[in-house]
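Take a look at the structure below.
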Amino acid sequence: MYGCWILYFYRKSEVSNSFIGSDLRIRQLVIAAKERNQLASQICEVFDLEIAFYDPGIIHFGLENVLIPVGNTFIEIVSPIEENTTAERFLNKRSGDGGYMVIIEVDDFVKEKNRILGNNIKIVWEADRNENGVHAQAIHLHPKQVGGAILSLDQMKPKSAWLWAGHEWESHINNTSSNCLVGVHIQSSLPKALMSRWEEALGKKGDPEGLKISLDESYIKFTEELDDRGEGINAFKISVKNKQNILEKAKSLNLLEDGNIFIGGVNFLLE
């Protein structure tokens, strides 16, 4: 099992400015949905989680959202509230709700941004915010260049912060049943080619046999298309304490499909 909480307390102590191993980690996975509140309620009920934050700043994208901590990682749900948004086009393209964005936490934002520019990967949005002692920097990479999902590279200072979830998110962590997000699966008719593009975007080589890029305490896996929705996120992997209890709860809520928990167009795979 990935050591979610070991890493969490390691990060909180801020003994060092570098991670053990890789300097890239999945910190937040995003679902685009037509109806935010129902989806958030289902996820919280199945995994014993709590809502931490609604970000008013996301109106910039014509969206409303909600942030749900899973340990010190996050599930975000975004819903379009204006016409002709990127999220609305995504929902139409994929015929409904689905995995939308992968947010990777980095240790050296300037280095990563310079690497991206050096590789001629287009940056479609950039953030540089200082708020209540937190400095947040992020870039979104052009989804047509990277493929599969919107990829964001983010850094927070101090490292224990996560501004996108507000300043009080730690008080909403419920680790009764769930530990953290540890992986994302992206499907494609050409998974090897897609992994190659993500390798370039992340500056990190993957496993050509397993089609997986290993990150710190997390991974990104590339698969053949498993449904008829085309290229995109197929599954989130979540570390939990009792698989059977969670599966039974999902079954009681009619949220099982082919043996997997299926919420918001995403399969939730349990570890």
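Using numbering that gives the first Met the number 0, you'd call the opening residue of the sequence shown number 0 and step up by one each time.
Just so it is clear, CB atoms sit at the ideal spot from N, CA and C, and this is done for glycine as well.
Computed from a prediction, not measured in an experiment: that's the story for all the values here.
Within 10 Å of its beta-carbon, does residue i have 16 or more other beta-carbons around it, so buried, or fewer, so exposed?
| i | result |
| --- | --- |
| Lys121 | exposed |
| Tyr53 | exposed |
| Ala192 | exposed |
| Asp272 | Any question about residue 272 goes unanswered here, given that the chain covers just 0 to 270. |
| Val265 | buried |
| Gly56 | exposed |
| Gly263 | buried |
| Gly205 | buried |
| Leu116 | exposed |
| Ile58 | exposed |
| Asn71 | buried |
| Ser94 | exposed |
| Leu145 | In the sequence under discussion, the amino acid at residue 145 is Val, which differs from the Leu named in the question. That one is buried. |
| Arg196 | buried |
| Val101 | buried |
I want to see whether chain B comes within less than 8 Å of residue i, judged by CB atoms only; does it?
| i | result |
| --- | --- |
| Trp161 | Looking for chain B here will not work: only one protein chain is present. |
Is the beta carbon of residue j closer than 8 Å to that of residue i?
| i | j | result |
| --- | --- | --- |
| Glu223 | Arg24 | no |
| Ala164 | Leu152 | no |
| Ala32 | Asp96 | yes |
| Lys203 | Lys211 | no |
| Asn173 | Glu49 | yes |
| Asn131 | His166 | yes |
| Val133 | Met155 | yes |
Starting from the Cα of residue i, find the closest Cα among the options and give me that residue.
| i | options | result |
| --- | --- | --- |
| Ile232 | Asn118, Ser40, Gln186 and Gly165 | Gln186 |
| Glu276 | Glu247, Asn64, Pro190 and Val45 | Given that the chain is displayed from residue 0 to residue 270, the structure contains no residue 276 and the question cannot be resolved. |
| Asp22 | Phe60, Val101 and Asp107 | Asp107 |
| Pro142 | Thr85, Gly205, Gly61 and Ile262 | Thr85 |
| Asn36 | His59, Gly98 and Ile76 | Ile76 |
| Leu62 | Lys158, Ala51 and Leu90 | Leu90 |
| Glu198 | Leu180, Cys179, Val181 and Tyr218 | Tyr218 |
| Leu180 | His59, Pro68 and Ile30 | Pro68 |
| Leu162 | Ala135, Arg196 and Thr72 | Ala135 |
| Ile30 | Lys240, Arg196, Val183 and Trp124 | Val183 |
| Glu111 | Lys158, Arg128, Leu140 and Asn83 | Leu140 |
| Val105 | Leu66, Glu81, Pro157 and Asn119 | Pro157 |
| Phe235 | Phe60, Ile74 and Leu66 | Ile74 |
| Glu125 | Arg228, Lys92 and Phe60 | Phe60 |
Which partner residues does residue i have in the DSSP bridge list?
| i | result |
| --- | --- |
| Leu62 | Pro79 |
| Glu198 | Glu198 pairs with nothing; no bridge assigned. |
| Glu104 | Arg24 and Asp153 |
| Arg128 | Ala135 |
| Gly146 | DSSP, once it has assigned bridges, lists no residue as partnering Gly146. |
| Asp206 | Lys211 |
| Thr72 | Val69 |
| Ile260 | Leu255 and Phe267 |
| Lys220 | His184 and Lys211 |
| Ser238 | Cys179 |
| Leu140 | Ile122 |
| Ala31 | Val77 and Gly97 |
| Ile232 | Gly98 and Ile185 |
| Phe89 | DSSP, once it has assigned bridges, lists no residue as partnering Phe89. |
By Cβ distance, which residues of its chain are closer than 7 Å to residue i, with the 5 residues on each side in sequence left out?
| i | result |
| --- | --- |
| Thr273 | What the structure shows of the chain is the stretch from 0 to 270, and residue 273 is not part of that stretch, so it cannot be assessed. |
| Leu269 | Ile237, Val239, Lys242 and Ile245 |
| Arg128 | Ala135 and Leu162 |
| Gly209 | none |
| Ala160 | Val133 |
| Arg114 | Gly202 |
| Asn118 | Glu199 |
| Glu81 | Gly61 |
I'd like the list of long-range same chain contacts for residue i, defined as Cβ closer than 8 Å, with 5 residues on each side in sequence excluded.
| i | result |
| --- | --- |
| Glu44 | Lys248 and Leu252 |
| Ile103 | Leu23, Arg24, Ile25, Arg26, Leu150, Ser151, Leu152, Asp153, Leu201 and Leu214 |
| Leu254 | Gln41, Val45, Ile260, Phe261 and Ile262 |
| Tyr99 | Val29, Ile30, Ala31, Val77, Ala86, Phe89, Ala148, Ile149 and Ile232 |
| Glu230 | Gly146, Gly147, Ile185, Gln186, Ser187, Ser188, Leu193 and Glu224 |
Ignore the nearest five residues each way along the sequence and tell me which others in residue i's own chain have a CB closer than 6 Å to its CB.
| i | result |
| --- | --- |
| Glu87 | Pro79 |
| Asp226 | none |
| Ser188 | Glu224 |
| Ala51 | Leu66, Pro68, Ala164, Trp168 and His171 |
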